[in-house]
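*Asks:* Once you've had a glance at the structure underneath, I'll fire off some questions.
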Amino acid sequence: MKGFKTFLKTLAGNAAVLSNRTDYKGNLTLVLGNESADLDSVVSSISLAYLLGSSLPKTQPPIPVINTNRADISLRPDCQALLQSVLPPAASLGDLTFIDDIDFTQLLKIYGSRLHIWLVDHNAPASRQQELEPFVEGIVDHHVDENRSLDAKWRQIEM
(Lines of atoms letter the chains of each structure in order from A and count residues from 1; the text may use other names and numbers.)
(Lines give C-alpha, C1' and ligand atoms only; values in the text may rest on other atoms or scores of the structure.)
Protein backbone atom coordinates (compact mmCIF):
# COMPACT_ATOMS: atom_id res chain seq x y z
CA MET A 1 0.00 0.00 0.00
CA LYS A 2 1.40 3.39 -0.91
CA GLY A 3 2.00 5.94 1.81
CA PHE A 4 -0.74 8.24 2.99
CA LYS A 5 1.03 11.38 1.75
CA THR A 6 1.43 9.77 -1.67
CA PHE A 7 -2.29 9.00 -1.63
CA LEU A 8 -3.08 12.62 -0.77
CA LYS A 9 -1.03 13.77 -3.77
CA THR A 10 -3.19 11.64 -6.08
CA LEU A 11 -6.36 13.46 -5.05
CA ALA A 12 -5.65 16.23 -7.54
CA GLY A 13 -6.23 13.80 -10.42
CA ASN A 14 -9.77 12.97 -9.36
CA ALA A 15 -11.32 15.73 -11.43
CA ALA A 16 -10.33 13.92 -14.63
CA VAL A 17 -12.04 10.73 -13.48
CA LEU A 18 -15.21 12.59 -12.52
CA SER A 19 -15.45 14.62 -15.69
CA ASN A 20 -17.63 13.56 -18.60
CA ARG A 21 -15.22 10.86 -19.72
CA THR A 22 -17.54 8.51 -21.55
CA ASP A 23 -14.49 6.50 -22.69
CA TYR A 24 -13.56 5.43 -19.14
CA LYS A 25 -14.40 1.75 -18.69
CA GLY A 26 -13.28 1.12 -15.12
CA ASN A 27 -15.27 1.13 -11.91
CA LEU A 28 -15.68 4.26 -9.85
CA THR A 29 -15.72 4.11 -6.06
CA LEU A 30 -16.78 7.19 -4.11
CA VAL A 31 -16.50 7.46 -0.32
CA LEU A 32 -19.04 9.96 1.01
CA GLY A 33 -18.95 11.41 4.49
CA ASN A 34 -22.11 12.85 5.98
CA GLU A 35 -23.66 16.18 4.99
CA SER A 36 -22.47 17.98 8.09
CA ALA A 37 -18.92 17.67 6.75
CA ASP A 38 -17.66 17.83 10.32
CA LEU A 39 -14.14 16.80 11.19
CA ASP A 40 -14.82 13.11 11.83
CA SER A 41 -16.76 12.82 8.59
CA VAL A 42 -14.07 14.47 6.47
CA VAL A 43 -11.22 12.52 8.07
CA SER A 44 -13.20 9.27 7.83
CA SER A 45 -13.99 9.67 4.13
CA ILE A 46 -10.36 10.33 3.27
CA SER A 47 -9.09 7.55 5.53
CA LEU A 48 -11.55 4.94 4.26
CA ALA A 49 -10.75 5.85 0.65
CA TYR A 50 -7.07 5.33 1.45
CA LEU A 51 -7.79 1.96 3.06
CA LEU A 52 -10.06 0.79 0.23
CA GLY A 53 -7.39 1.81 -2.26
CA SER A 54 -5.17 -0.98 -1.02
CA SER A 55 -7.55 -3.56 -2.49
CA LEU A 56 -8.48 -1.85 -5.77
CA PRO A 57 -6.51 -1.58 -9.02
CA LYS A 58 -4.18 1.43 -9.10
CA THR A 59 -6.06 2.70 -12.13
CA GLN A 60 -9.33 2.83 -10.15
CA PRO A 61 -8.53 4.63 -6.89
CA PRO A 62 -11.45 5.36 -4.57
CA ILE A 63 -12.30 9.04 -4.34
CA PRO A 64 -13.13 10.61 -0.98
CA VAL A 65 -15.95 13.14 -1.30
CA ILE A 66 -16.44 15.97 1.16
CA ASN A 67 -20.24 15.96 1.38
CA THR A 68 -20.76 19.71 1.41
CA ASN A 69 -20.45 22.47 -1.15
CA ARG A 70 -16.90 23.67 -1.74
CA ALA A 71 -17.69 27.21 -0.56
CA ASP A 72 -19.12 25.91 2.71
CA ILE A 73 -15.87 24.35 3.92
CA SER A 74 -15.02 27.84 5.17
CA LEU A 75 -17.73 27.28 7.78
CA ARG A 76 -15.58 24.43 9.14
CA PRO A 77 -12.33 26.10 10.24
CA ASP A 78 -11.33 22.94 12.14
CA CYS A 79 -11.51 20.91 8.92
CA GLN A 80 -9.69 23.58 6.96
CA ALA A 81 -6.87 23.78 9.49
CA LEU A 82 -6.39 20.02 9.71
CA LEU A 83 -6.52 19.47 5.96
CA GLN A 84 -4.09 22.29 5.27
CA SER A 85 -1.70 20.84 7.84
CA VAL A 86 -1.71 17.30 6.38
CA LEU A 87 -1.96 17.97 2.65
CA PRO A 88 1.43 17.76 0.93
CA PRO A 89 2.99 21.12 -0.06
CA ALA A 90 2.06 20.62 -3.72
CA ALA A 91 -1.59 19.94 -2.83
CA SER A 92 -4.36 22.19 -1.57
CA LEU A 93 -8.00 22.16 -0.55
CA GLY A 94 -8.73 22.77 -4.22
CA ASP A 95 -7.49 19.24 -4.96
CA LEU A 96 -10.20 17.65 -2.83
CA THR A 97 -13.56 16.60 -4.26
CA PHE A 98 -16.64 18.27 -2.82
CA ILE A 99 -20.22 17.21 -3.41
CA ASP A 100 -20.96 20.16 -5.72
CA ASP A 101 -18.08 19.09 -7.98
CA ILE A 102 -20.09 16.04 -9.02
CA ASP A 103 -22.97 15.87 -11.47
CA PHE A 104 -24.54 12.65 -10.22
CA THR A 105 -27.05 12.46 -13.06
CA GLN A 106 -24.20 12.43 -15.57
CA LEU A 107 -22.11 10.13 -13.39
CA LEU A 108 -24.91 7.56 -13.25
CA LYS A 109 -25.25 7.69 -17.05
CA ILE A 110 -21.53 7.13 -17.56
CA TYR A 111 -20.87 4.50 -14.89
CA GLY A 112 -24.21 2.84 -14.16
CA SER A 113 -23.53 -0.42 -12.35
CA ARG A 114 -19.80 0.36 -12.30
CA LEU A 115 -20.46 3.03 -9.65
CA HIS A 116 -19.75 1.93 -6.08
CA ILE A 117 -20.65 4.13 -3.11
CA TRP A 118 -19.31 3.79 0.42
CA LEU A 119 -20.96 5.80 3.18
CA VAL A 120 -18.99 6.79 6.23
CA ASP A 121 -20.28 8.60 9.31
CA HIS A 122 -23.86 8.06 8.13
CA ASN A 123 -25.74 4.95 7.01
CA ALA A 124 -28.27 6.24 4.50
CA PRO A 125 -27.79 8.56 1.54
CA ALA A 126 -28.81 12.14 2.23
CA SER A 127 -32.28 13.13 1.03
CA ARG A 128 -30.84 14.92 -2.00
CA GLN A 129 -28.72 11.85 -2.86
CA GLN A 130 -31.40 9.15 -2.84
CA GLU A 131 -30.54 8.10 -6.40
CA LEU A 132 -27.27 6.72 -5.03
CA GLU A 133 -28.88 4.17 -2.70
CA PRO A 134 -28.86 1.25 -5.19
CA PHE A 135 -25.10 1.76 -5.58
CA VAL A 136 -24.20 1.69 -1.87
CA GLU A 137 -21.65 -1.08 -1.48
CA GLY A 138 -20.45 -0.39 2.03
CA ILE A 139 -21.27 1.51 5.20
CA VAL A 140 -19.04 2.37 8.16
CA ASP A 141 -20.94 4.34 10.77
CA HIS A 142 -21.58 5.00 14.46
CA HIS A 143 -25.14 6.36 14.35
CA VAL A 144 -28.53 4.69 14.83
CA ASP A 145 -29.10 2.24 11.97
CA GLU A 146 -31.71 3.66 9.60
CA ASN A 147 -32.14 0.18 8.06
CA ARG A 148 -31.40 1.39 4.56
CA SER A 149 -29.05 -0.07 1.97
CA LEU A 150 -29.61 -3.47 3.53
CA ASP A 151 -28.07 -5.15 0.46
CA ALA A 152 -24.72 -3.42 0.95
CA LYS A 153 -21.85 -5.92 0.94
CA TRP A 154 -20.37 -4.33 4.05
CA ARG A 155 -22.41 -2.82 6.89
CA GLN A 156 -20.40 -1.84 9.96
CA ILE A 157 -22.82 0.18 12.10
CA GLU A 158 -21.96 0.40 15.77
CA MET A 159 -23.01 3.06 18.22
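For the sequence shown, the UniProt record's numbering gives the first residue as 1, with consecutive numbering after it. Virtual Cβ for every residue (Gly too), placed ideally from N, Cα, C.
Given a cut-off of 7 angstroms, decide if residue 117 and residue 136 are closer than it, judged by their beta-carbon atoms.
*Replies:* Yes.
*Asks:* Which residues does DSSP pair with residue 163 in a beta bridge?
*Replies:* The structure shown does not extend to residue 163, since the chain spans only 1 to 159, so no value can be given for it.
*Asks:* Three Cβ pairs or more, each shorter than 8 angstroms: is that satisfied between the segment 144 to 152 and the segment 57 to 71?
*Replies:* In short, these stretches do not touch, since the Cβ pair count stays below three.
*Asks:* How many whole angstroms separate the CB atoms of residue 52 and residue 31, which I take to be in contact at a CB cut-off of 8 angstroms?
*Replies:* Residue 52 to residue 31, Cβ: 7 angstroms. Contact.
*Asks:* Using a Cβ-Cβ cutoff of less than 7 angstroms, which residues in the same chain neighbour residue 40 once the five nearest sequence positions on both sides are dropped?
*Replies:* Result list for residue 40: 121, in chain order.
*Asks:* Going by beta carbon distance, what residues of the same chain come within less than 7 angstroms of residue 115, once the five residues before and after it are set aside?
*Replies:* So the qualifying residues of the chain are 28, 107, 108 and 135.
*Asks:* Any heavy atom of the ligand HEM inside 6 angstroms of the beta-carbon of residue 33?
*Replies:* With respect to small molecules bound, the structure shown includes none, and the ligand HEM cannot be examined in it.
*Asks:* Would you kindly work out how many angstroms separate the C-alpha atoms of residue 125 and residue 54, rounded to a whole number?
*Replies:* The straight-line gap from Cα to Cα measures roughly 25 angstroms.
*Asks:* Can you tell me whether residue 156 is helix, strand or coil according to DSSP?
*Replies:* DSSP places residue 156 in strand when its eight states are reduced to three.
*Asks:* The beta strand (DSSP E) spanning residue 139 covers which residue range?
*Replies:* 136 to 141 is the extent of the beta strand (DSSP E) around residue 139.
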